[in-house]
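Protein chains in written order, with numbering that gives the first Met the number 0: chain A, 0 to 330; chain B, 0 to 330. Below is one structure, written out as structure tokens, with a few remarks after it.
There are 2 protein chains.
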Amino acid sequence: MNDIVSREIHLTSRPDGLPTPDNFGLVERAITPADDDIVVKNRYMSVDPAMRPPLTNGQQPVDVVMSGGAIGQVIASNNADYPIDAYVMSRAGFREYHISDGSDLNVIETEDEPLTAHLSVLGGTGLTAYGGLLVTGELKDGENVFVSAAAGAVGSVVCQIAKIKECRVAGSCGSDDKVDYLLNDLGIDYAFNYKTSSIGRELHTGLPDGIDVYFENVGGKHLDAACGQMRPLGRIPVCGMISAYNNKGARSEGVTTLSNMIYNRVTMKGFVVYEFNHMRDQFLADMRQWMREGRMKYEETIMEGIENAPHALIGLLEGKNTGKMLVRLAD
Amino acid sequence: MNDIVSREIHLTSRPDGLPTPDNFGLVERAITPADDDIVVKNRYMSVDPAMRPPLTNGQQPVDVVMSGGAIGQVIASNNADYPIDAYVMSRAGFREYHISDGSDLNVIETEDEPLTAHLSVLGGTGLTAYGGLLVTGELKDGENVFVSAAAGAVGSVVCQIAKIKECRVAGSCGSDDKVDYLLNDLGIDYAFNYKTSSIGRELHTGLPDGIDVYFENVGGKHLDAACGQMRPLGRIPVCGMISAYNNKGARSEGVTTLSNMIYNRVTMKGFVVYEFNHMRDQFLADMRQWMREGRMKYEETIMEGIENAPHALIGLLEGKNTGKMLVRLAD
Numbered sequence: 000m001n002d003i004v005s006r007e008i009h010l011t012s013r014p015d016g017l018p019t020p021d022n023f024g025l026v027e028r029a030i031t032p033a034d035d036d037i038v039v040k041n042r043y044m045s046v047d048p049a050m051r052p053p054l055t056n057g058q059q060p061v062d063v064v065m066s067g068g069a070i071g072q073v074i075a076s077n078n079a080d081y082p083i084d085a086y087v088m089s090r091a092g093f094r095e096y097h098i099s100d101g102s103d104l105n106v107i108e109t110e111d112e113p114l115t116a117h118l119s120v121l122g123g124t125g126l127t128a129y130g131g132l133l134v135t136g137e138l139k140d141g142e143n144v145f146v147s148a149a150a151g152a153v154g155s156v157v158c159q160i161a162k163i164k165e166c167r168v169a170g171s172c173g174s175d176d177k178v179d180y181l182l183n184d185l186g187i188d189y190a191f192n193y194k195t196s197s198i199g200r201e202l203h204t205g206l207p208d209g210i211d212v213y214f215e216n217v218g219g220k221h222l223d224a225a226c227g228q229m230r231p232l233g234r235i236p237v238c239g240m241i242s243a244y245n246n247k248g249a250r251s252e253g254v255t256t257l258s259n260m261i262y263n264r265v266t267m268k269g270f271v272v273y274e275f276n277h278m279r280d281q282f283l284a285d286m287r288q289w290m291r292e293g294r295m296k297y298e299e300t301i302m303e304g305i306e307n308a309p310h311a312l313i314g315l316l317e318g319k320n321t322g323k324m325l326v327r328l329a330d
Numbered sequence: 000m001n002d003i004v005s006r007e008i009h010l011t012s013r014p015d016g017l018p019t020p021d022n023f024g025l026v027e028r029a030i031t032p033a034d035d036d037i038v039v040k041n042r043y044m045s046v047d048p049a050m051r052p053p054l055t056n057g058q059q060p061v062d063v064v065m066s067g068g069a070i071g072q073v074i075a076s077n078n079a080d081y082p083i084d085a086y087v088m089s090r091a092g093f094r095e096y097h098i099s100d101g102s103d104l105n106v107i108e109t110e111d112e113p114l115t116a117h118l119s120v121l122g123g124t125g126l127t128a129y130g131g132l133l134v135t136g137e138l139k140d141g142e143n144v145f146v147s148a149a150a151g152a153v154g155s156v157v158c159q160i161a162k163i164k165e166c167r168v169a170g171s172c173g174s175d176d177k178v179d180y181l182l183n184d185l186g187i188d189y190a191f192n193y194k195t196s197s198i199g200r201e202l203h204t205g206l207p208d209g210i211d212v213y214f215e216n217v218g219g220k221h222l223d224a225a226c227g228q229m230r231p232l233g234r235i236p237v238c239g240m241i242s243a244y245n246n247k248g249a250r251s252e253g254v255t256t257l258s259n260m261i262y263n264r265v266t267m268k269g270f271v272v273y274e275f276n277h278m279r280d281q282f283l284a285d286m287r288q289w290m291r292e293g294r295m296k297y298e299e300t301i302m303e304g305i306e307n308a309p310h311a312l313i314g315l316l317e318g319k320n321t322g323k324m325l326v327r328l329a330d
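Here it is, written out as structure tokens:
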């Protein structure tokens, strides 16, 4: 195959606070594929809150391509497991082309859903919500559930699974448009804009009997308010703490209500999505059924072109997305 | 039986901050036992940090005797299960005499240990440490353990069980004398006075590989420091948060490091001692064996007379005890 010029987004300096475009660079790289290489042309790249902590804690090296999920199409291959035109998932990150021996690729088996669903509801985002709520959160039918960042990619799936499980669901979000989306599109019971209200008072109103499961995406003031209103044997699966990620040392605002965990015997537990990999078949079957039944909706916020990937990540950290944040790459 | 005059300590007003003697009153009550009554004369009363939150949260009613553990001797009884002179445990609290039908009494079977051990290492205090560390904390042999309030009644038992389980143990306490006690009497690996040092730096020094189990008795700054140094799959059994109890709403100083729980998949879990009641036989067998082997020591801080019970509780909240705080009642 001929040489390829692939454009990539590198981390060029570590952000102090909210990342800025200056922390990233667009790098052109010439690639000469070998005969045995599988060449993947990326179509969609995933933009996730979990990409932020590695920028500061060192897991993401500087002057290296930004790591992350992506879906691409095989354009050159001598490997029958990864035939030309197949769609494949990788963690190869913010780049236009990806050269692989196949070991880091998973072929995507689409049914009647759009390709991008495999980066959101049917991908790691959906599995995070499903496993975090049902396994880590040990959700029981009919419980009282609070979801922060409820209009985000993970939060919106959590809300809908909790409603399917006949729970009373309250969600927080950062705009009145998102409140409308949560109430009218996702059909949860109570939603509020945390920027213009008291989280504690809203929770008293929305879940007057207290909280059985708080699905934690935000941290800080959200956790402070929720922890004070947990019911006996409540669970707090900790998916993320986006309010802390742009602070020095990823420190959140101080949480002062943790003593409520003692007599109420509350469990708070951090989790990561790979814990749930063994459940992927059941997850896909459940999610596809719920999608067919119209009970699992999803939104996408799509930005265009590799050069906009840093803006997509910064916008995500500012809460500018509803649902999944994606970057679409040019054909 | 003749009338008895029993003196009791009542909560008379709810404290705002550290309780003062004015929040309590000494009340004399005349009791006329019926023929079927079991009359218990209390000998020792237990003084516990867990008595503080009910003073504010309403679980302890005002103008009612202070609830708590006590050991007494039966002085009148027609019930063969509770014979005269038997020692019995109750939760009847700060009072000289207790009238019972037996349903709230447990006869104490002493072996070669002193009676007071049944209010400390062999009582609820010991079971709290044992269950909290081994069950809630899921301690594994050889792990790295941090214990706050390590020279307290529960903390000192936790330290010794962890050493028996071949763990590396660091403990915090509030005086240099207690540091000496922890290192030289209990034989833990590292101890520091949190009032004169940086908890975070001490933990780095004492447990340089990080913390597998943080046995939480204090909250606030202790938790803030420990949570930032938890190892993957670490556990934080939450026994108490004594630093918060005298604050409005039992709010601790703010904890800002909880995002560390996510990628390290840390579990924090509140517990109460009654969860472990089913383990009492195994607990007693283990503890008595360790005591015989000289591997389980305990200290007591004993105050004299029912009139000093409020001072004992206030002193406990100020950290004036080493080991178990007790009140001995006059013969």
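Note that CB positions come from ideal geometry on N, CA and C, so glycine has one too. Keep in mind that this is a model prediction, so the values were computed, not measured.
Candidates the options, of which the one nearest residue i by Cα
i: TYR81/B; options: SER119/B, LEU202/B, MET65/B and SER102/B; result: SER102/B
i: ASN259/A; options: PHE275/B, GLU252/B, SER258/B and GLY248/B; result: GLY248/B
i: THR332/A; options: ASP175/A, ASN183/A and VAL168/A; result: The structure shown does not extend to residue 332/A, since chain A is modelled only from 0 to 330, so the question has no answer here.
i: GLU108/B; options: MET88/B, GLY199/B, ASN263/B and THR127/B; result: MET88/B
i: MET229/B; options: ASP2/B, VAL265/B, MET286/B and GLY57/B; result: VAL265/B
i: GLU303/B; options: ILE241/B, TYR193/B and LEU312/B; result: LEU312/B
i: GLU112/B; options: LYS323/B, GLY199/B, SER99/B and MET290/B; result: MET290/B
i: ASP34/B; options: ASN263/B, TYR96/B and ASP100/B; result: ASP100/B
i: TYR193/A; options: ASP175/A, ASP184/A, ILE187/A and TYR180/A; result: ASP175/A
i: VAL178/B; options: ARG200/B, ALA85/B, CYS166/B and GLY151/B; result: GLY151/B
i: ARG200/B; options: SER171/B, ILE187/B, ASP184/B and SER45/B; result: SER171/B
i: MET44/B; options: TYR86/B, PRO231/B, ASP184/B and PRO20/B; result: TYR86/B
i: ILE163/B; options: GLY141/B, GLY318/B, ASN183/B and SER12/B; result: GLY141/B
i: PHE275/A; options: ALA29/A, MET50/A and VAL134/A; result: VAL134/A
i: VAL153/A; options: GLU317/A, CYS166/A, PHE145/A and GLY123/A; result: GLY123/A
i: ASN78/B; options: LEU54/B, LEU104/B and PRO60/B; result: LEU104/B
i: LEU328/B; options: ILE8/B, VAL120/B and GLY253/B; result: ILE8/B
i: ASP188/A; options: SER196/A, MET286/A and LEU206/A; result: LEU206/A
i: ASN56/A; options: PHE282/A, GLY16/A and ARG94/A; result: GLY16/A
i: LEU182/B; options: CYS158/B, THR195/B, HIS310/B and LEU202/B; result: CYS158/B
Extent of the continuous beta strand (DSSP E) to which residue i belongs
i: ARG167/A; result: 167–172
i: PRO236/B; result: 229–237
i: SER5/B; result: 3–10
i: ALA29/A; result: 23–30
i: GLN72/B; result: 69–75
i: GLY199/B; result: Segment 198–205 is the alpha helix (DSSP H) holding GLY199/B; no beta strand (DSSP E) there.
i: MET240/B; result: Careful: MET240/B lies outside any beta strand (DSSP E) and carries neither H nor E.
i: GLY101/B; result: It is not in any beta strand (DSSP E) - GLY101/B carries neither H nor E in the DSSP assignment.
i: ASN143/B; result: 143–146
i: MET260/B; result: It is not in any beta strand (DSSP E) - MET260/B instead sits in the alpha helix (DSSP H) that spans 259–262.
i: GLY269/B; result: 266–269
CB-CB length for residue i against residue j, believed under 8 Å
i: ALA413/B; j: ALA149/B; result: Any property of residue 413/B remains undetermined from this structure, which presents chain B solely from 0 to 330.
i: ILE83/A; j: ASP36/A; result: Not a contact, Cβ separation roughly 13 Å.
i: LEU185/A; j: SER155/A; result: 6 Å
i: ARG28/B; j: ILE70/B; result: Rounded, the Cβ-Cβ distance is 20 Å, inconsistent with contact.
i: GLU110/A; j: ARG287/A; result: 6 Å
The alpha helix (DSSP H) enclosing residue i, as first and last residue numbers
i: PHE282/B; result: 279–291
i: GLU299/B; result: Where GLU299/B is concerned, there is no enclosing alpha helix (DSSP H), although the beta strand (DSSP E) it sits in stretches over 299–303.
i: ASN56/B; result: 51–56
i: GLY322/A; result: Premise fails: GLY322/A is in no alpha helix (DSSP H) and is neither H nor E.
i: ALA190/B; result: Run containing ALA190/B: none in the alpha helix (DSSP H); it sits in the beta strand (DSSP E), 189–192.
i: ILE160/B; result: 152–163
i: ASP354/B; result: Any property of residue 354/B remains undetermined from this structure, which presents chain B solely from 0 to 330.
Assigned secondary structure, residue i (DSSP; H/G/I helix, E/B strand, else coil)
i: GLY123/A; result: helix
i: PHE93/A; result: coil
i: LYS247/B; result: helix
i: ASN41/B; result: strand
i: ASP211/A; result: strand
i: ILE313/B; result: helix
i: VAL46/A; result: strand
i: TYR86/A; result: strand
Cutoff 8 Å; reference residue i; Cβ partners in own chain excluding five residues on either side
i: PRO52/A; result: GLN58, TYR244 and ALA249
i: MET240/B; result: GLU215, ASN216, VAL217, GLY218, GLY219, LEU222, ALA249 and SER251
Residues of its chain near residue i, where Cβ-Cβ distance is below 6 Å and the 5 sequence neighbours each way are ignored
i: ILE74/A; result: VAL38 and LYS40
i: GLY269/B; result: VAL237
Residues of its chain near residue i, where Cβ-Cβ distance is below 7 Å and the 5 sequence neighbours each way are ignored
i: THR256/B; result: ASP223, CYS226 and GLY227
i: GLU165/B; result: ASP140 and GLY141
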